[in-house]
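Chemist: Dropping the structure in here first, questions after.
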Amino acid sequence: MTTVYIHGQPVRLNKKNLIGEGGEAEIYRLSPTEVVKLYKSRTHPDFASDTGLQQAVEKRLAEHQIKLPAFPKNLPERIVVPTALAYDSAGRIVGYVMPLVYSATEILRLSQKSFRQGVPNPQVIRIFEDLRETVVALHRRHNLVIGDFNDLNVLVRGLEAFLIDTDSMQFGSFLCTTFTDRFVDPRLCQIGRAPLMLTRPHTAESDWYAFAVMLMQSLLFVGPYGGIYLPKDPQRKLSDAERVHGRITIFHPEVRYPKPAIHFRTLSDELLDYFERTFVKDQRGEFPDQLLTSLTWKKCDRCGLEHARQTCPICQQTPEAAVTQVMTVRGRVTATRVFTTRGSIIRANVWNDKLHVLHHEDGALRRENGEKILDGPFDPSLRYRLLPKATALGKDGQIVILKNGAVEHLCADNWGSMPIFDTNENGVFWIDQGRLQRQDEWAPMAIGEVLANQSIFWVGNAFGLGFYRAGGLTVGFVFSTLSRGLNDTVKLPAIRGQLIDASCVFSDNLAWLTTKAQEKGKTVTRLTVVNSLGRVEASLETEGNSEPWLSSTRGAGAVGSQLFVPTDDGIVRVEIVNHSLAATRVFPDTENFVDASTRILPAQNGLYAVRSREITFLTIR
Numbered sequence: 001m002t003t004v005y006i007h008g009q010p011v012r013l014n015k016k017n018l019i020g021e022g023g024e025a026e027i028y029r030l031s032p033t034e035v036v037k038l039y040k041s042r043t044h045p046d047f048a049s050d051t052g053l054q055q056a057v058e059k060r061l062a063e064h065q066i067k068l069p070a071f072p073k074n075l076p077e078r079i080v081v082p083t084a085l086a087y088d089s090a091g092r093i094v095g096y097v098m099p100l101v102y103s104a105t106e107i108l109r110l111s112q113k114s115f116r117q118g119v120p121n122p123q124v125i126r127i128f129e130d131l132r133e134t135v136v137a138l139h140r141r142h143n144l145v146i147g148d149f150n151d152l153n154v155l156v157r158g159l160e161a162f163l164i165d166t167d168s169m170q171f172g173s174f175l176c177t178t179f180t181d182r183f184v185d186p187r188l189c190q191i192g193r194a195p196l197m198l199t200r201p202h203t204a205e206s207d208w209y210a211f212a213v214m215l216m217q218s219l220l221f222v223g224p225y226g227g228i229y230l231p232k233d234p235q236r237k238l239s240d241a242e243r244v245h246g247r248i249t250i251f252h253p254e255v256r257y258p259k260p261a262i263h264f265r266t267l268s269d270e271l272l273d274y275f276e277r278t279f280v281k282d283q284r285g286e287f288p289d290q291l292l293t294s295l296t297w298k299k300c301d302r303c304g305l306e307h308a309r310q311t312c313p314i315c316q317q318t319p320e321a322a323v324t325q326v327m328t329v330r331g332r333v334t335a336t337r338v339f340t341t342r343g344s345i346i347r348a349n350v351w352n353d354k355l356h357v358l359h360h361e362d363g364a365l366r367r368e369n370g371e372k373i374l375d376g377p378f379d380p381s382l383r384y385r386l387l388p389k390a391t392a393l394g395k396d397g398q399i400v401i402l403k404n405g406a407v408e409h410l411c412a413d414n415w416g417s418m419p420i421f422d423t424n425e426n427g428v429f430w431i432d433q434g435r436l437q438r439q440d441e442w443a444p445m446a447i448g449e450v451l452a453n454q455s456i457f458w459v460g461n462a463f464g465l466g467f468y469r470a471g472g473l474t475v476g477f478v479f480s481t482l483s484r485g486l487n488d489t490v491k492l493p494a495i496r497g498q499l500i501d502a503s504c505v506f507s508d509n510l511a512w513l514t515t516k517a518q519e520k521g522k523t524v525t526r527l528t529v530v531n532s533l534g535r536v537e538a539s540l541e542t543e544g545n546s547e548p549w550l551s552s553t554r555g556a557g558a559v560g561s562q563l564f565v566p567t568d569d570g571i572v573r574v575e576i577v578n579h580s581l582a583a584t585r586v587f588p589d590t591e592n593f594v595d596a597s598t599r600i601l602p603a604q605n606g607l608y609a610v611r612s613r614e615i616t617f618l619t620i621r
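For the sequence shown, position 331 matches number 331 in full-length UniProt numbering, and the numbering has no gaps at all.
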């Protein structure tokens with residue numbers, strides 16, 4: 001427990017009130033409407049054994065002693081500014097108080113296809129219009145530069161976009177020295193085979209570069225340097241940093257465009273031209289308002305694609321087809337279409353070799369047999385889970401279980417804004433006030449104690465895996481899904497910085513945990529394999545896109561000691577090799593039936609490939 005002084009009064013910050021963590025600070029709930037941002041000191045475990053980081057922390061804290069008291073006043077209402085300073089017992093500034101933006105989510109979520117199912121393009125544009133207005137005001141009226149402008153320091157609530165982490169903003173003599181690889185203006189960096197290095201200060205123009213990156217990825221689900229560069233001459237292959245240096249963007253003819261992404265041909269000529277001038281030709285300037293306000297979106301009657309052109313750019317190039325074949329054979333793969341919807345598939349599971357599906361169609365949630373579960377539009381902020389004969393929905397610390405017209409309510413802890421629960425074929429598991437519980441016939445069965453509002457977990461049929469972060473440590477735990485007790489001695493790799501995403505899939509006796517975090521401005525992905533006793537069998541850590549299959553493990557399916565990962569090249573088999581993980585085989589004949597956004601569900605005699613509107617059963621000879 002840490003004590004700080006706010007308005008001269010001591011305030012104890014309890015780990016139970018920790019609601020978020022980034023690379024430089026921890027966020028504690030102070031009241032229903034306020035939070036405290038507490039800076040990590042040089043002795044924090046995140047900086048252990050790194051004298052360079054420790055010195056940077058001291059330098060940053062020293063600057064905050066002057067910068068925070070001088071922070072500009074009367075900023076736009078969407079700027080989440082310090083409202084009071086937090087001091088330690090020696091009178092040194094160690095953080096600040098700011099308003100809590102409740103019911104908000106990072107703008108990063110707009111670039112995730114599953115989340116965007118419930119957020120149409122016109123709504124995305126309205127959000128960016130709101131964000132643009134704030135950025136214009138900061139530049140023109142207040143002479144502020146955002147600096148490290150990225151998709152984790154913009155929060156979205158409805159049509160409103162709020163800027164957080166404002167203490168790093170650039171004004172007067174206070175420069176912003178941090179940056180995020182995917183959003184930094186390459187003109188400001190020293191670029192080569194080595195990692196990016198900021199050599200010039202951020203500017204208003206570099207803020208608009210980051211704005212354009214966020215807008216592109218929110219509309220297309222890919223940023224300017226996404227895809228894979230495949231030059232005809234293998235000797236010209238480049239690292240991620242070298243691609244940026246050469247401006248080898250998604251518009252380059254030798255870059256293979258990601259299959260799950262929406263093609264840039266769906267955008268208006270004017271917006272597409274702006275993106276090309278920005279990312280290829282290095283033109284900069286304030287983002288033109290008319291590029292947003294003039295966009296008119298249409299939905300193709302044939303394929304359902306939203307686009308901003310006169311005619312659908314996809315169907316225009318594709319001849320009218322006959323009825324899609326139910327069964328297709330390609331090489332050693334036979335693909336049989338087993339489920340389709342005019343709407344979108346939200347969740348699918350296989351239990352006892354039977355497929356269970358939740359989809360949204362004709363304005364309602366429906367199960368695999370067409371049974372209507374709930375009327376209303378698709379809500380991307382809900383957490384959806386299935387049981388063989390019931391459906392569980394969660395939001396704002398509440399879980400609702402719908403079964404045969406009956407409704408059961410449960411209370412749950414949140415992880416960020418998401419209620420923490422999961423299901424398997426036998427029931428519902430959830431955390432309430434730090435107690436991990438299982439739904440039993442008569443009353444909840446307590447499994448064990450974890451850290452309230454800081455823990456996340458998943459369950460397979462036989463066991464579950466979870467973790468929480470406390471004091472710079474990542475504490476992992478496993479538990480049986482059939483009995484009481486948990487083992488919280490799992491030695492997971494430490495997660496530094498801000499956790500962006502976490503997912504887990506199970507085979508009978510192994511859990512495959514993927515975490516993605518933003519650390520020192522870079523995206524670090526870790527895949528860790530843990531057995532049912534809590535022993536770590538293997539792990540792999542990468543930065544950027546050095547192992548492309550690793551970005552698709554959220555949709556992977558596990559069988560025994562093998563992981564089957566969907567990619568744009570087909571399904572990749574991953575196995576444990578000398579306590580690490582490696583792709584040991586690619587199944588190229590599956591390429592037509594999967595992409596990186598597909599979810600793989602293992603079954604007795606094959607694999608189900610779950611896409612946004614159809615499910616295909618694949619058998620591989």
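Just so it is clear, CB atoms sit at the ideal spot from N, CA and C, and this is done for glycine as well.
For the beta strand (DSSP E) that Ser480 lies in, which residues bound it at each end?
Modeler: 473-480
Chemist: Going by DSSP in three states, Thr3 sits in which element: helix, strand or coil?
Modeler: Of the three classes helix, strand and coil, the one that applies to Thr3 here is strand, per DSSP.
Chemist: I need the boundaries of the beta strand (DSSP E) containing Leu486, first residue and last residue.
Modeler: 486-490
Chemist: Return yes when the C-beta of Val559 is under 7 Å from any heavy atom of the ligand PLP, and no when it is not.
Modeler: By its list of ligands, the structure shown contains no ligand whatsoever, and the ligand PLP lies outside what it can speak to.
Chemist: Name, in chain order, the residues that DSSP records as bridge partners for Ala452.
Modeler: None; Ala452 has no bridge partner.
Chemist: State the DSSP-derived secondary structure class of Asn531, mapped to helix, strand or coil.
Modeler: It is a strand residue.
Chemist: Leaving aside the five residues before and after Thr567 along the sequence, list all residues of the same chain whose C-beta is less than 7 Å from its C-beta, in chain order.
Modeler: Pro548, Trp549, Ser552, Ala596
Chemist: Taking Met216 as part of the alpha helix (DSSP H), name the residues at either end of that continuous run.
Modeler: 204-220
Chemist: Going by DSSP, name the residue or residues bridged to Val136.
Modeler: The partner list for Val136 (beta bridge, DSSP) is empty, contrary to what the question assumes.
Chemist: Find out if the Cβ-Cβ distance for the pair Val4, Ile19 is shorter than 8 Å.
Modeler: Contact flag unset, no.
Chemist: Among the candidates Leu533, Leu513, Val124, whose CA atom is the shortest distance from the CA of Phe457?
Modeler: It is Leu513 whose Cα lies nearest to the Cα of Phe457.
Chemist: Using DSSP's beta-bridge definition, name the partner residues of Lys403.
Modeler: Ala406
Chemist: Answer yes or no: do Met216 and Ile107 have a C-beta to C-beta separation smaller than 8 Å?
Modeler: no
Chemist: Pick from Lys281, Asn352, Ala84, Trp430: whose alpha carbon is nearest that of Pro602?
Modeler: Check the Cα spacing between Pro602 and each of Lys281, Asn352, Ala84, Trp430: the tightest is with Asn352.
Chemist: Please report the residue range of the beta strand (DSSP E) in which His359 lies.
Modeler: 354-361
Chemist: The alpha helix (DSSP H) spanning Val57 covers which residue range?
Modeler: 51-67
Chemist: Just to confirm the assignment, what range does the beta strand (DSSP E) spanning Thr616 have?
Modeler: 614-620
Chemist: Cutting at 8 Å between CB atoms, please list the residues of its own chain near Gly534, excluding the five before and the five after it.
Modeler: Gly476, Phe477, Val478, Asn487, Thr489, Val490
Chemist: Spatial neighbours of Lys16 within its chain, please: C-beta separation below 6 Å, excluding the five flanking residues on both sides.
Modeler: Ala452
Chemist: How close, in whole Å, do the beta carbons of Asp181 and Ser206 come, if the pair is a contact with beta carbons under 8 Å?
Modeler: Between the beta-carbon of Asp181 and that of Ser206 there is about 13 Å, and that puts the pair past the 8 Å contact cut.
Chemist: Can you tell me whether DSSP reads Trp442 as helix, strand or coil?
Modeler: coil
Chemist: How about Tyr87 and Leu61: are their beta carbons less than 8 Å apart?
Modeler: no
Chemist: Apart from the five residues just before and just after Val80, which ones in its own chain have a Cβ nearer than 7 Å to its Cβ?
Modeler: Met98, Pro99, Val101, Phe162, Leu163, Ile164, Thr166
Chemist: What residues in its chain sit with their C-beta under 8 Å from that of Thr83, if we drop five residues either side in the sequence?
Modeler: Glu34, Tyr96, Val97, Met98, Pro99
Chemist: Ile248 and Tyr229 look like a contact to me (Cβ under 8 Å); what is the Cβ gap, rounded to whole Å?
Modeler: 5 Å
Chemist: Looking at the strands, I want to know which residues DSSP matches up with Gly394.
Modeler: Arg383, Ile399, per the DSSP bridge assignment.
Chemist: Name, in chain order, the residues that DSSP records as bridge partners for Gln562.
Modeler: Val559, Glu575
Chemist: Excluding five sequence neighbours on each side, which residues of the same chain lie with their C-beta closer than 8 Å to the C-beta of Asn592?
Modeler: Thr328, Arg330, Ala335
Chemist: If you count every other CB in all the chains shown that lies within 10 Å of the CB of His359, and 16 or more means buried, which is it?
Modeler: buried
Chemist: What would DSSP say about His307, mapped onto helix, strand or coil?
Modeler: strand
Chemist: Please look up how many angstroms separate the CB atoms of Gly570 and Pro380, rounded, as I've assumed it's under 8 Å.
Modeler: That belief does not hold up - the Cβ atoms of Gly570 and Pro380 are roughly 29 Å apart, past 8 Å.
Chemist: Could you tell me how far apart the beta carbons of Leu220 and Phe264 are, in whole angstroms, since I believe they sit closer than 8 Å?
Modeler: 6 Å
Chemist: Within a Cβ cutoff of 8 Å, which residues of the same chain sit near Ala412, ignoring the five residues on either side of it in sequence?
Modeler: Gly394, Gly397, Gln398, Ile399, Pro419, Ile420, Phe421, Trp430, Ile431, Asp432
Chemist: Smallest Cα separation from Arg496: which of Met1, Asn14, Phe47, Pro32?
Modeler: By alpha-carbon distance to Arg496, the top candidate from Met1, Asn14, Phe47, Pro32 is Phe47.
Chemist: With H, G and I counted as helix, E and B as strand and the rest as coil, what does DSSP make of Glu77?
Modeler: coil
Chemist: Between Pro388 and Glu425, how many whole angstroms is the CB-CB distance? I'm expecting something under 8 Å.
Modeler: About 6 Å separates the Cβ atoms of Pro388 and Glu425, confirming a contact at the 8 Å cut-off.
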